[in-house]
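According to my numbering, the stretch in the sequence shown is residues 75 to 363, in order. Below: the structure, in structure tokens.
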Amino acid sequence: MSGTFTLYNGSAEIRVDRRGAEILLWKIGGRDLLWRKDPAIWNATAPILFPVVGWTRHGEIRVDDRSYPLGLHGFASTRDFTLINRKADEAWLSLAADETTKALYPFDFVLTVHYAVHPQSVVVTLLVENKDDRPMPYACGLHPGFAWRHQGEGAWIEFDACEDPSVPLISEHGLFLPETRPIPLQGQRLDLSADLLTQEALCFLNLHGRGLTFHQGAGAALRVDLDHFPHLALWARPPAPFLSIEAWTGHGDPADFEGDLYAKPSMLVLAPGATGRHAVTWTFCRETV
């Protein structure tokens with residue numbers, strides 16, 4: 075059953091939709107920290123990605139010589155989750171495999187999402203359980219669109235470590251090409267601009283660090299800490315007032331990939347009965363300007 079509920083901790087609150095277990099709103103002291111979705115631009119706020127991340131070649135996956143229709147970012151964002159438990163400041167939601175999901179992804183799984191609200195932060199944890207009797211390949215991710223009120227006012231990303239100053243080229247169909255393109259990354263600092271973000275997403279694969287700080291200008295910053303998410307992407311649709319800082323375990327298909335899901339680069343494989351855990355912490359910071 076779809077519907078929303080709200081979690082609180084002091085002046086912080088988040089509103090969660092059971093459809094997709096998606097956060098629709100995050101506020102601290104009345105300040106919106108996520109963008110308000112606009113169907114004309116991007117009809118989402120912070121979708122969960124599972125069981126694949128990114129585009130698949132021809133909109134399908136192959137498992138054991140059979141094709142299954144599974145497109146961009148999988149199906150978790152369109153499914154109704156079950157609210158398992160809820161307290162004032164945290165909640166657990168789950169999605170279990172059924173006949174509909176098995177027609178797209180032929181595995182028994184349970185995906186559990188845990189939200190914990192703190193006075194200055196939100197912790198999102200994804201638990202992926204393999205309920206099948208065979209190994210299960212998967213990828214998961216988080217795709218929040220953070221409110222960016224002051225575009226063009228000296229915003230920048232500060233990575234925890236020096237990252238690669240080139241990123242993969244993405245085809246018009248969303249597939250990863252072998253070529254790369256340079257970006258204006260100077261050490262750990264990436265200055266943001268509309269020109270930089272109007273092309274495809276900036277994908278940082280196999281990060282050296284485990285997080286970044288988004289300095290938004292006007293005295294605001296957002297800290298993102300990753301736990302068992304090796305990849306990160308920056309995506310926007312200027313001049314829409316948001317920047318998406320995506321945490322990924324996997325990524326879109328390489329343009330020449332035609333193999334089995336087990337062989338796709340960066341897929342994780344869970345043994346029967348095993349559980350994968352992945353978490354992100356978002357922290358709102360104020361800066362002296």
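Ideal Cβ placement from N, Cα and C applies to all residues, glycine included.
Asked                                                                                                                                                                                       : Found
Is the separation between the beta-carbon of Leu249 and that of Pro328 shorter than 8 Å?                                                                                                    : yes
CA-CA distance, Gly350 and Glu203?                                                                                                                                                          : 7 Å
Grab the span of the alpha helix (DSSP H) containing Thr174 for me, first residue to last.                                                                                                  : Glu173 to Lys176
Select from Glu274, Ala321, Ala165 and Asp234 the residue whose C-alpha is nearest the C-alpha of Gly261.                                                                                   : Asp234
Below 8 Å, can you find three or more Cβ-Cβ pairs linking the region 115 to 133 to the region 308 to 315?                                                                                   : yes
As an exercise, report each continuous beta strand (DSSP E) stretch of at least 3 residues that is fully enclosed by the region 215 to 242, in chain order.                                 : 219 to 221 and 230 to 233
Judging by CA-CA distance, which residue of Gln194, Arg208 and Asp238 is the nearest neighbour of Asp182?                                                                                   : Arg208
Output the distance between the C-alpha atoms of Ser151 and Glu96, rounded to the nearest integer angstrom.                                                                                 : 7 Å
Give the DSSP bridge partners of Gln260, in chain order.                                                                                                                                    : Arg263
Glu213: which of Ser85, Ala120, Trp129 and Tyr82 sits nearest, CA to CA?                                                                                                                    : Reading off the sequence, residue 213 comes out as Ala, not Glu. Ranking the options by Cα distance to Ala213, first place goes to Trp129.
Determine, using beta carbons only, whether Val126 and Gly148 come nearer to each other than 8 Å.                                                                                           : yes
What ranges does the alpha helix (DSSP H) occupy inside the region 273 to 345, keeping only unbroken runs of at least 4 residues that lie completely in it?                                 : none
For the region 294 to 311 against the region 272 to 280, do three or more pairs of beta-carbon atoms, one drawn from each stretch, fall closer than 8 Å, so that the two count as touching? : yes
Applying the criterion that 16 or more other CB atoms from any shown protein chain within 10 Å of the CB defines a buried residue, is Tyr336 buried or exposed?                             : exposed
Assuming Leu342 and Thr357 make a contact with CB atoms under 8 Å, what is their CB distance in whole Å?                                                                                    : Between Thr357 and Leu342 the Cβ distance is about 26 Å, and since that is not below 8 Å, they are no contact.
If you drop the 5 nearest sequence neighbours on each side, which residues of the same chain put their C-beta closer than 6 Å to that of Ser340?                                            : Gly324 and His325
Please say whether Leu216 and Val354 have beta carbons closer to each other than 8 Å?                                                                                                       : yes
Does the Cβ of Gln225 have 16 or more other Cβ atoms within 10 Å, making it buried, or fewer, making it exposed?                                                                            : buried
His132 to Asp265, Cα distance in whole Å?                                                                                                                                                   : 35 Å
According to DSSP, simplified to helix, strand and coil, what is Thr119?                                                                                                                    : coil
Could you give the residue range of the beta strand (DSSP E) that holds Val86?                                                                                                              : The sequence given here places Ala at residue 86; Val does not occur at that position. Start and end: Ala86 to Asp91.
From this set, Leu146, Asp106 and Ala229, which residue's C-alpha is nearest His247's C-alpha?                                                                                              : Leu146
For Glu173 and Ala348, I'd like the C-alpha separation in whole angstroms.                                                                                                                  : 22 Å
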